[in-house]
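As structure tokens, the structure follows; a few thoughts come after it.
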Amino acid sequence: MSSLSKKEEQDVIDYCSAPCIRFKIVAALAPWQGDVYERMIGIFKTSFKAAVRNRTLDFDEFFTLAKECEAIVNCSPLTYVYSDIDSGFPLRPIDFLRPHSIYGSPCLATEDQDDDEWKPQETQQDLLQNRWNSTISLLNRSWQR
Numbered sequence: 004m005s006s007l008s009k010k011e012e013q014d015v016i017d018y019c020s021a022p023c024i025r026f027k028i029v030a031a032l033a034p035w036q037g038d039v040y041e042r043m044i045g046i047f048k049t050s051f052k053a054a055v056r057n058r059t060l061d062f063d064e065f066f067t068l069a070k071e072c073e074a075i076v077n078c079s080p081l082t083y084v085y086s087d088i089d090s091g092f093p094l095r096p097i098d099f100l101r102p103h104s105i106y107g108s109p110c111l112a113t114e115d116q117d118d119d120e121w122k123p124q125e126t127q128q129d130l131l132q133n134r135w136n137s138t139i140s141l142l143n144r145s146w147q148r
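Numbering of the sequence shown is given in the numbering used here, commencing with residue 4 and proceeding in unit increments.
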């Protein structure tokens, strides 16, 4: 049973058959046509194939591996923000959403937070404020280029 009514189905068919939709076909092994997204797909596929090899994965393993490969792609450098490579940091896809993000599992709070030897470095509010400020400064620097 379809979740769309007959009218909605006809609307979808009319929309998809309209001449305003244009498909751009990218030739195989032609990175100059697909530019950045072709390279990102290539990085994902290379990482995925290297990890899987000949194994059969269940759904949870597959999903976890796909997320790990996604993180590899999102942490790959696109370009450098400064004119000198040694003076700055690379701009990565993840930096558009969360600048200076560190790849890996988040640090979990300990059970005994009253321990004198362990004190949290900063609160979640401070961390969020710092990330927001760095996002704004990165945005301002990129607009000034």
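Quick reminder that beta carbons are idealized off the backbone N, C-alpha and C, glycines included. Values in this document were obtained by computation on a predicted structure and should not be read as measured data.
DSSP-derived helix/strand/coil call for residue i
{"i": "aspartate 203", "result": "Summary: the structure shown does not reach residue 203, with the chain confined to residues 4 through 148, and so no result is reported for it."}
{"i": "arginine 144", "result": "helix"}
{"i": "leucine 130", "result": "helix"}
{"i": "lysine 10", "result": "helix"}
{"i": "cysteine 72", "result": "helix"}
{"i": "alanine 31", "result": "coil"}
{"i": "alanine 21", "result": "coil"}
{"i": "serine 104", "result": "coil"}
{"i": "arginine 42", "result": "helix"}
Residue i classed as buried or exposed, judged by whether at least 16 other C-beta atoms fall within 10 angstroms
{"i": "cysteine 19", "result": "exposed"}
{"i": "arginine 95", "result": "buried"}
{"i": "proline 102", "result": "buried"}
{"i": "serine 6", "result": "exposed"}
Any chain B beta carbon closer than 7 Å to residue i
{"i": "serine 104", "result": "Absent from the structure: chain B. Only one protein chain is present."}
Segment contact flag, the region 22–39 with the region 60–79, C-beta cutoff 8 Å, min 3 pairs: no
Inter-stretch contact at 8 Å, needing at least 3 Cβ pairs: the region 31–41 / the region 53–65: They do not touch, by the three-pair rule.
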